[in-house]
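K.L.:
Just so you know, the protein sequences line up as chains A and B, in that order.
This note's numbering puts the first residue of the first sequence at 3, with every later residue one more than the last.
This note's numbering puts the first residue of the second sequence at 3, with every later residue one more than the last.
Each residue gets a CB set at the ideal place from its N, CA and C atoms; glycine is no exception.
Protein chains: 2
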Amino acid sequence: MVWGAEKMADFARLSINSATIDHRLSLEQCIDACARRAILAIAPWRHKIHDAGLKRAARMIRDSGLAVSGVCRGGMFTASDKAGRERALDDNRRAVDEAATLGADCLVLVVGGLPDGSRDLAAAHSQVHDGIATLLDYARRCNVPLAIEPLHPMYAAERACINTLRHANDLCDELGPGVGVAIDVYHLWWDDNLEAEIARASGRILGFHVCDWLVPTTDMLLDRGMMGDGIIDIRQISRWVTAAGYEGFIEVEIFSAQNWWLREAGEVLETAIRRFDEFV
Amino acid sequence: MVWGAEKMADFARLSINSATIDHRLSLEQCIDACARRAILAIAPWRHKIHDAGLKRAARMIRDSGLAVSGVCRGGMFTASDKAGRERALDDNRRAVDEAATLGADCLVLVVGGLPDGSRDLAAAHSQVHDGIATLLDYARRCNVPLAIEPLHPMYAAERACINTLRHANDLCDELGPGVGVAIDVYHLWWDDNLEAEIARASGRILGFHVCDWLVPTTDMLLDRGMMGDGIIDIRQISRWVTAAGYEGFIEVEIFSAQNWWLREAGEVLETAIRRFDEFV
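#1: If we ignore side chains and look at the alpha-carbon of each, how far apart do Pro46/B and Ser28/B end up?
#2: So, does the CB of Arg277/B fall closer than 7 Å to a CB anywhere in chain A?
#3: Rounded to the nearest angstrom, what separates Asn241/B and Ser120/A at their Cα positions?
#4: Please report the distance separating the alpha-carbon of Arg38/A from that of Asp132/B.
#5: Pick helix, strand or coil for Ser120/A, following the three-state DSSP scheme.
#6: Could you pull out every residue in the same chain whose Cβ sits closer than 7 Å to the Cβ of Leu223/A, ignoring the five residues on either side in sequence?
#7: How about Glu272/B: is its C-beta nearer than 7 Å to some C-beta of chain A?
#8: Taking CB distances under 7 Å as the criterion, tell me whether Pro155/B reaches chain A.
#9: Only counting the same chain, and skipping five residues up and downstream in sequence, which positions put a Cβ closer than 7 Å to that of Thr166/B?
#10: Would Glu160/B pass as an interface residue toward chain A - the criterion being a Cβ-Cβ separation below 7 Å?
#11: Verify the CB distance criterion: does Asp194/A have a CB-CB separation below 7 Å to chain B?
#12: Going by Cα to Cα distance, which pick from Ala97/B, Ala203/B, Ala101/B and Asp53/B is closest to His25/B?
#13: Select from the stretch 103 to 117 of chain A all residues with a C-beta closer than 8 Å to any C-beta belonging to chain B, and list them in chain order.
#14: List, in chain order, every chain B residue whose beta-carbon is nearer than 9 Å to that of Leu173/A.
#15: Closest by CA to Ala198/B, which one among Arg277/B, Ala259/B and Gln238/B?
#16: Does the stretch 72 to 79 of chain A come close enough to the stretch 88 to 95 of chain A to have 3 or more Cβ pairs within less than 8 Å?
#17: Between Asn165/B and chain A, is the shortest Cβ-Cβ distance under 7 Å, so that the two count as touching?
#18: Any contact of the stretch 141 to 151 of chain B with the stretch 169 to 182 of chain A, i.e. 3+ C-beta pairs under 8 Å?
#19: By a C-beta neighbour count over all protein chains shown, 10 Å radius and 16 as the cutoff for buried, is Pro218/B buried or exposed?
#20: My assumption, with CB atoms under 8 Å, is that Ile44/A sits in contact with Val70/A. Please give the rounded CB distance.
#21: So with Cβ pairs under 7 Å, would you call His169/A a contact of chain B?
#22: Any idea what DSSP makes of Trp5/B, helix, strand or coil?
#23: For Ile185/A, tell me which candidate among Leu264/A, Ala201/A, Arg15/A and Phe210/A has the shortest Cα-Cα distance.
#24: Scan the stretch 62 to 77 of chain A for residues whose Cβ lies nearer than 8 Å to a Cβ of chain B and list them as they occur along the chain.
#25: Who are Gly227/B's beta bridge partners in DSSP?
#26: Taking the alpha-carbon positions, what's the Leu116/A to Arg87/A distance?
#27: Residue ranges of each alpha helix (DSSP H) run of no fewer than 4 residues wholly in the stretch 161 to 206 of chain A, ordered along the chain?
#28: Using a Cβ cut-off of 9 Å, which residues of the stretch 220 to 235 of chain B contact any Cβ in chain A, in chain order?
#29: Could you list which residues in chain A have their beta carbon closer than 8 Å to that of Asp99/B, in chain order?
#30: Going along the chain, which residues of its own chain have a beta-carbon closer than 7 Å to the beta-carbon of Ile63/B, five neighbours each way excluded?
#31: Check each residue of the stretch 9 to 23 of chain A: if its Cβ is closer than 8 Å to any Cβ of chain B, include it; give the result in chain order.
#32: Does the separation of the CB atoms of Ala14/A and Leu42/A fall below 7 Å?
#33: Are the beta-carbon atoms belonging to Met228/B and Val282/B less than 7 Å from one another?
#34: For chain A, check one thing: does any of its Cβ atoms lie closer than 7 Å to the Cβ of Arg202/B?
#35: Just to check my reading of the structure: Val110/A and Cys163/A have Cβ atoms closer than 8 Å, yes? What is that Cβ distance to the nearest angstrom?
#36: Determine the chain B residues that contact Pro218/A at a beta-carbon separation under 9 Å, and present them in chain order.
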């Protein structure tokens, strides 16, 4: 095998995040679109699970033979008062239940940003720590691994104040078994310390997400690229994740309001399959 | 003095970056607008210096009594071929000359992102290292300190692949005397390690830039906020910078295409003066 033809990620490891394809599709339609193309796993967002009904969703997924690489998403632990944080924990326990019912590999956590009106980043970090610590008791009893997903620093204020794999690894060290990380190339590619932190995450990598960073990027949230259309050396990061021992699914998650979301699901999936082979 | 009324930054330390006010103003008009409000320093962008002519710019600034907290900007060391990197170095030597002629406290470096078509982040880092190392010989002879400005990670691909103060500090350790850092709250506020890295930067802090991160941020480049309008705890970061021994100018740099750039320069400056007192 020559270098140029090196094959990192087997098709059997491909998972499709439901947010990658047309949002009007029901969970049933997502499952069908993936199963028809012999894709072996999906990662459903909770609103799609709720729309289908949890038991029905579980049955449809079981019948399709698809694995669930992760449930999107728990988290959002930060709030300006205790009642808000309690509500978040209640919702997170339900998310754990859903992940357990679906037999998901993990529940992905987008941890939350600064509470409304707050400038206190350290307090937000504490709230996230305490929220995960509380949820973890419950998640362990349900056998649902919690995957902290560090988000790109441009989301620190509004979505997630854990923005490096180092910070996520530190949290995992503090919190102990039952919590790990989801590594998304979009959020982490820029970090000069990424290789070392991926190695450090060995044994706790619960998910690996791929898409691409477009140049230029025209929207901070909804302009992610298909693998190969941007500037991330996805294969390099994939090698590091493989070297750290991760053998789970590799999830394609693309938020693309002006491009991929406007296309027919079949086209998106078939493109994702080709690009996965070429770039991941 | 009560805590709430704590005053960190003296008005005498306020500097105005020329990109904060109406872009149609000439350097002469910028100088005049600042001097009339007893502001003691400016940070001009090079295109304004070029438009005025370097010698004339130097004379106008000297006559106004204004100090120059920094010249914006050198850098952009990365390129897809050697000729491109040589051109960048030539331009950087001219920028050093201009900073020397204006008696600037430093030349600010926005180091450059990935070369066109490249996905090789490590190579870009090497190019930045080598570019600064080469320029440094010249800058030392001209007595112009070089200030590496780590930019927000959302600019890693297109503008600067040094995105944390840790990375900038590492580079300074490698490169030796004559190079330091410019700390901009907009780029660095999200970093949970910021306090420690500011302390580590003690003795090499060459600039401190303030503005604010708006929620929501609608444009990745041109939607920065006036101090107090966003979620950055600017005063906290200001305390850390002060604790690290920095006593130089504090520069207001706001790129705001849809708000502050549309207002009359006097209104922008008077707002900046009030907010500087209140939030920095």
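P.N.:
On the basis of the coordinates in this document:
#1: The count along the second sequence starts at 1 and reaches residue 46/B at position 44. The count along the second sequence starts at 1 and reaches residue 28/B at position 26. Cα to Cα, Pro46/B sits roughly 10 Å from Ser28/B.
#2: For the purposes of this step, residue 277/B is taken as the residue at position 275 of the second sequence. It does not; no Cβ of chain A falls within 7 Å.
#3: Within the second sequence, residue 241/B is the residue found at index 239, counting from 1. Within the first sequence, residue 120/A is the residue found at index 118, counting from 1. The question names Asn, but residue 241/B is Arg in the sequence shown. Using only the alpha carbons, I get a separation of about 18 Å.
#4: Residue numbering aside, residue 38/A sits at position 36 when the first sequence is read from its first letter. Residue numbering aside, residue 132/B sits at position 130 when the second sequence is read from its first letter. If you take the alpha carbons of Arg38/A and Asp132/B, they lie about 52 Å apart.
#5: Here residue 120/A refers to the residue found at position 118 of the first sequence. DSSP places Ser120/A in coil when its eight states are reduced to three.
#6: Along the first sequence, read from residue 1 onward, the residue named residue 223/A stands at position 221. Cβ neighbours of Leu223/A beyond the five flanking positions: Phe257.
#7: Mapped onto the second sequence, residue 272/B falls at position 270. Taking Cβ atoms only, chain A never reaches closer than 7 Å to Glu272/B, which makes this a no.
#8: Locating residue 155/B in the second sequence gives position 153, counting from the first residue. Pro155/B counts as touching chain A.
#9: Indexing the second sequence from 1 puts residue 166/B at position 164. Counting only Cβ-Cβ distances below 7 Å, and skipping sequence neighbours, we find Pro152 and Asp193.
#10: The sequence position of residue 160/B within the second sequence is 158, counting from 1. True, the Cβ-Cβ gap to chain A drops below 7 Å.
#11: Locating residue 194/A in the first sequence gives position 192, where the first residue counts as 1. Chain B contact via Cβ: present.
#12: One-based indexing of the second sequence puts residue 25/B at position 23. Comparing Cα-Cα distances from His25/B to each of Ala97/B, Ala203/B, Ala101/B and Asp53/B, the minimum goes to Asp53/B.
#13: Leu116
#14: Looking up residue 173/A in the first sequence gives position 171. The premise fails here: Leu173/A is roughly 10 Å from chain B at the closest Cβ pair, so nothing lies under 9 Å.
#15: In the second sequence, counting from the first residue as 1, residue 198/B sits at position 196. That would be Gln238/B, whose Cα lies nearest to the Cα of Ala198/B.
#16: Result yes; three or more Cβ-Cβ pairs closer than 8 Å.
#17: One-based indexing of the second sequence puts residue 165/B at position 163. Closer than 7 Å to some Cβ of chain A, the Cβ of Asn165/B qualifies, so yes.
#18: no
#19: Taking the second sequence and counting its residues from 1, the one referred to as residue 218/B is at position 216. Exposed.
#20: The residue labelled residue 44/A in the question sits at position 42 within the first sequence. The residue labelled residue 70/A in the question sits at position 68 within the first sequence. That pair is a contact at about 6 Å.
#21: Position 167 of the first sequence holds residue 169/A. Cβ-Cβ to chain B under 7 Å: yes for His169/A.
#22: If you number the second sequence from 1, residue 5/B lands on position 3. Because Trp5/B carries a pLDDT of 45, less than 50, the predicted location of this residue cannot be relied on, and the following value inherits that uncertainty. Trp5/B: helix per DSSP, three-state reduction.
#23: As a position in the first sequence, residue 185/A is number 183, starting the count at 1. It is Phe210/A whose Cα lies nearest to the Cα of Ile185/A.
#24: Answer set for the stretch 62 to 77 of chain A: empty.
#25: Within the second sequence, numbered from 1, the residue matching residue 227/B stands at position 225. According to DSSP, which records beta bridges pairwise, Gly227/B is partnered with Asp214/B.
#26: Taking the first sequence and counting its residues from 1, one reaches residue 116/A at position 114. Taking the first sequence and counting its residues from 1, one reaches residue 87/A at position 85. Each residue's Cα considered, the two are about 12 Å apart.
#27: Taking only runs of at least 4 residues, the alpha helix (DSSP H) segments lying wholly in the stretch 161 to 206 of chain A are 167 to 177, 187 to 190 and 196 to 202.
#28: Thr220, Asp221, Met222, Gly232, Ile233, Ile234 and Asp235
#29: Within the second sequence, numbered from 1, the residue matching residue 99/B stands at position 97. Simply none; closest approach about 31 Å.
#30: Counting from one through the second sequence, the residue named residue 63/B turns up at place 61. Hits under 7 Å: Ile33, Val70 and Leu104.
#31: Taking 8 Å as the Cβ-Cβ cut-off against chain B, none of the residues of the stretch 9 to 23 of chain A qualify.
#32: Walking along the first sequence from the start, residue 14/A turns up at place 12. Walking along the first sequence from the start, residue 42/A turns up at place 40. Result yes, Cβ atoms of Ala14/A and Leu42/A sit closer than 7 Å.
#33: One-based indexing of the second sequence puts residue 228/B at position 226. One-based indexing of the second sequence puts residue 282/B at position 280. Result no, Cβ atoms of Met228/B and Val282/B do not sit closer than 7 Å.
#34: Within the second sequence, numbered from 1, the residue matching residue 202/B stands at position 200. At a cut-off of 7 Å, the C-beta of Arg202/B has no neighbouring C-beta in chain A.
#35: Start at 1 with the first residue of the first sequence, and residue 110/A comes out as number 108. Start at 1 with the first residue of the first sequence, and residue 163/A comes out as number 161. Actually they are not in contact, since the Cβ atoms of Val110/A and Cys163/A sit about 16 Å apart, beyond 8 Å.
#36: The residue labelled residue 218/A in the question sits at position 216 within the first sequence. Scanning chain B for C-beta atoms nearer than 9 Å to the C-beta of Pro218/A yields Ala159, Glu160 and Met222, reported in chain order.
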